[in-house]
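What follows is the structure in structure tokens.
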């Protein structure tokens with residue numbers, strides 16, 4: 001194997017695939033990046049078995065030569081060192097040559113690096129996915145859908161299925177759900193699909209979707225998504241991102257969303273967020289994050305929190321609308337803030353069914369996003 | 381005590397003094413910020429006993445009212461919560477009132493905070509410093525002097541005196557020295573002083589100078605420095621920064637700086653820095669950071685490092701000048717990089733006296749800055 005490659009394009013591709021390199025690989029080969037070199041270009045692959053990322057660098061791009069291949073071949077290079085050295089090489093071009101017995105020479109300007117590679121034959125084979133149906137979702141929309149739900153996923157390995165996001169598709173409605181049993185966030189979007197195309201109970205690890213989100217451009221450029229039984233493939237430009245689907249059955253959460261409320265409030269999202277944020281600072285001192293919300297006789301609401309050592313914060317808030325019964329409820333202010341920060345509507349609607357029932361937060365502009373927070377049962 | 385104060389000015393002053401609040405205060409009062417309110421303005425003070433910072437907010441500034449005092453007085457407020465809540469208060473003004481028994485009420489817009497303060501009488505008294513002589517150093521110069529030496533101070537509490545920077549002043553030459561016994565950095569500057577004004581063996585903790593550096597503006601605005609036997613006071617605008625002087629005698633390092641060299645090289649600073657940086661990446665894998673430098677027969681130099689697992693990096697470098705004996709030496713590349721990164725000259729001069737003697741790095745533009753690195757004694 002021997003080639004000359006443009007440093008910037010090589011660096012970009014390495015940064016993309018390196019996100020799939022485990023910092024503590026289970027077997028040495030997974031600490032590497034595989035190079036497959038043909039006359040068409042260079043394919044880089046990295047994998048930690050949960051996720052695999054592949055990036056293709058074409059030999060030519062926009063009439064510019066990116067890769068000159070003298071001899072095709074494959075090799076696995078140690079990722080950690082290579083990821084850092086490439087961006088610091090002195091010249092615009094990098095020459096990579098594999099000699100006998102996995103001896104690799106990397107040259108750029110006045111720099112000469114001799115390394116020992118690993119056998120490409122030992123690198124795990126990427127999952128093969130039948131491409132019968134695909135979904136196409138705009139990059140910025142996919143990023144929003146992840147951002148507006150992913151924080152509600154569980155971080156506890158005791159409930160592995162809840163560390164993922166549930167994906168369903170039916171009648172062109174693509175839905176994400178995340179819950180840690182104390183709160184739930186869901187986001188839907190209408191997507192053009194082949195008629196009758198549907199899937200359910202596809203669960204993808206939250207941390208995988210956070211990694212994916214970093215690769216997805218914040219634009220209307222489409223991401224192709226291919227869903228198979230135990231793998232999902234994302235095509236983002238020249239990058240293929242494979243994710244394992246989590247094993248298990250996601251709990252049915254459709255029944256816990258109330259349709260009617262005893263108390264409904266409409267508030268300015270920013271006003272409420274800022275007030276809860278201040279109350280959160282005090283509640284954090286108690287480690288409980290408990291904040292209280294009380295509807296007042298004059299039609300305003302009061303948000304408050306207290307710490308036995310420090311004192312008390314009280315916030316008076318005007319409401320845009322207040323329908324139903326008076327209310328006195330306590331909740332985890334951190335959970336409430338997480339939800340408020342991703343609601344992309346100037347006003348929000350909050351529904352309650354008494355102090356013991358779930359709190360529902362929705363934007364007033366649309367019904368694509370919904371957050372549920374279970375209240376605290378307090379004595380006061 | 382009762383006053384109304386502009387939020388932004390209050391927040392700025394709180395951020396300045398909060399750097400002196402210990403995250404784990406030895407006694408509760410040191411976890412607070414003291415407010416002293418008079419009709420002239422508000423003085424905030426924080427102290428962890430090693431450093432103390434005081435900031436004054438005048439009642440009026442540029443014909444604008446900043447503080448309106450209804451009732452002078454003093455109180456200590458819990459810093460951690462107060463530092464975070466102030467910047468998040470909803471209105472431009474903050475009303476602070478102390479009621480009986482250290483009960484404090486803080487109001488801003490729709491926010492009402494009730495807190496318990498601490499008795500200002502219990503707050504430690506700031507050191508009193510006789511102001512017989514002062515030094516005046518431009519902010520940007522003081523920052524450079526700290527930046528170009530502070531990294532060479534020891535981080536080991538086993539040699540407490542070496543965790544500080546040695547300050548000397550004589551005949552208008554102000555000098556900083558830092559060493560951890562493996563390397564040494566020094567920086568001098570010519571300062572206008574009263575005739576005959578001098579001091580020596582003033583040692584100030586490196587971490588204190590890093591904190592000070594953040595408060596100092598990157599401009600020619602002068603910082604006033606008052607040096608006393610066991611305290612140094614810095615006046616930066618409206619801020620007073622007190623630092624304890626470290627106990628003990630700093631070792632005499634003047635003898636270890638050679639005046640003559642067996643080998644002298646002049647190189648482009650950037651070329652050498654980049655080459656050492658690449659060699660460092662490989663040497664880091666071995667945890668030793670050992671990099672070798674060899675003068676070649678063709679007048680170039682070779683910088684190299686190797687790792688038993690990964691391989692070898694070799695760098696070929698052109699020199700601007702090369703005088704004296706051929707050389708083969710090994711050193712800690714991290715120490716060399718630390719020095720190279722603060723040298724503010726396009727070319728540097730490096731002096732050697734064989735493989736076992738200290739390496740001296742100097743800018744070619746001036747003689748105010750000097751770095752010494754001890755070589756590794758290797759067998760090859």
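Protein chains in written order, with the numbering used here: chain A, 1 to 380; chain B, 381 to 760. A virtual CB, placed ideally from N, CA and C, is assigned to each residue, including glycine.
Nearest Cα to residue 428 of chain B within the set B/688, B/400, B/442, B/748: B/400. DSSP links residue 614 of chain B through a beta bridge to B/605, B/621. The three-state reading of DSSP puts residue 506 of chain B in coil, since its state is none of H, G, I, E or B.
Secondary structure of residue 191 of chain A (DSSP, three-state): coil. Partner residues in the beta bridge of residue 585 of chain B, as assigned by DSSP, are B/544. Taking the Cβ atoms as the reference, residue 233 of chain A lies roughly 5 Å from residue 129 of chain A, within the contact range of under 8 Å. DSSP, reduced to helix, strand and coil, places residue 330 of chain A within a strand of the structure shown. Your pair residue 264 of chain A and residue 491 of chain B does not check out as a contact, with CB atoms roughly 25 Å apart and the cut at 8 Å.
For residue 1 of chain A, there is no enclosing beta strand (DSSP E), as DSSP marks it with neither H nor E. With a 10 Å radius around the Cβ and a threshold of 16 neighbouring Cβ atoms, residue 356 of chain A comes out exposed. In the DSSP annotation of this structure, the continuous segment of the beta strand (DSSP E) that includes residue 136 of chain A starts and ends at 135-138.
Within the model, the alpha-carbon separation for residue 172 of chain A versus residue 143 of chain A is close to 18 Å. Residue 432 of chain B is positioned such that its CB atom lies no closer than 8 Å to that of residue 424 of chain B. Within the region 10-44 of chain A, no residue has a Cβ lying closer than 9 Å to any Cβ of chain B. For residue 491 of chain B, the enclosing beta strand (DSSP E) starts and ends at 491-496.
Taking the Cα of residue 33 of chain A as reference, the smallest distance to any Cα among A/41, A/332, A/22, A/39 is reached at A/22. According to the DSSP assignment, residue 389 of chain B belongs to the alpha helix (DSSP H) that extends over 387-398. The C-alpha of residue 169 of chain A is placed about 5 Å away from the C-alpha of residue 198 of chain A.
When DSSP reads this structure, residue 438 of chain B sits in a beta bridge with B/421. The beta carbons of residue 176 of chain A and residue 149 of chain A sit about 5 Å from each other, so the pair counts as a contact at 8 Å. Burial state of residue 749 of chain B is buried, judged by a 10 Å Cβ sphere holding 16 or more other Cβ atoms. Rounded to whole angstroms, the separation of the alpha carbons of residue 623 of chain B and residue 756 of chain B is 36 Å.
Around the beta carbon of residue 426 of chain B, a 10 Å sphere encloses 16 or more other beta carbons of the protein chains shown; the residue is thus reported as buried.
One finds 655, 695, 696, 697 in chain B with Cβ atoms closer than 8 Å to the Cβ of residue 110 of chain A, taken in chain order. Listed in chain order, the non-local C-beta contacts of residue 507 of chain B below 7 Å within the same chain comprise 611, 622, local neighbours out to five positions each way being set aside.
Under the 10 Å beta carbon count, residue 289 of chain A is surrounded by 16 or more other beta carbons and is classified as buried. Beta-bridge partners assigned by DSSP to residue 323 of chain A: A/264. Annotation: the continuous beta strand (DSSP E) that includes residue 93 of chain A extends over 93-98. Residue-level contact check: residue 100 of chain A does not touch chain B, since none of the beta carbons of chain B fall below 8 Å from its beta carbon. By the C-beta criterion, the region 257-271 of chain A is judged not to be in contact with the region 279-286 of chain A, since fewer than 3 inter-stretch pairs fall below 8 Å.
Scanning chain A for C-beta atoms nearer than 9 Å to the C-beta of residue 692 of chain B yields 112, 113, 114, 115, reported in chain order. Beyond the five residues adjoining it in sequence on each side, residue 374 of chain A comes within less than 6 Å, by CB distance, of 182, 358 in the same chain, given in chain order.
Under the 8 Å criterion on CB atoms, residue 85 of chain A is classed as interfacial with respect to chain B. Counting C-beta pairs with one atom in each stretch, the region 59-69 of chain A and the region 244-258 of chain A have fewer than three that are closer than 8 Å, which means they do not touch.
Interface with chain A (8 Å Cβ-Cβ cutoff): residue 754 of chain B is excluded.
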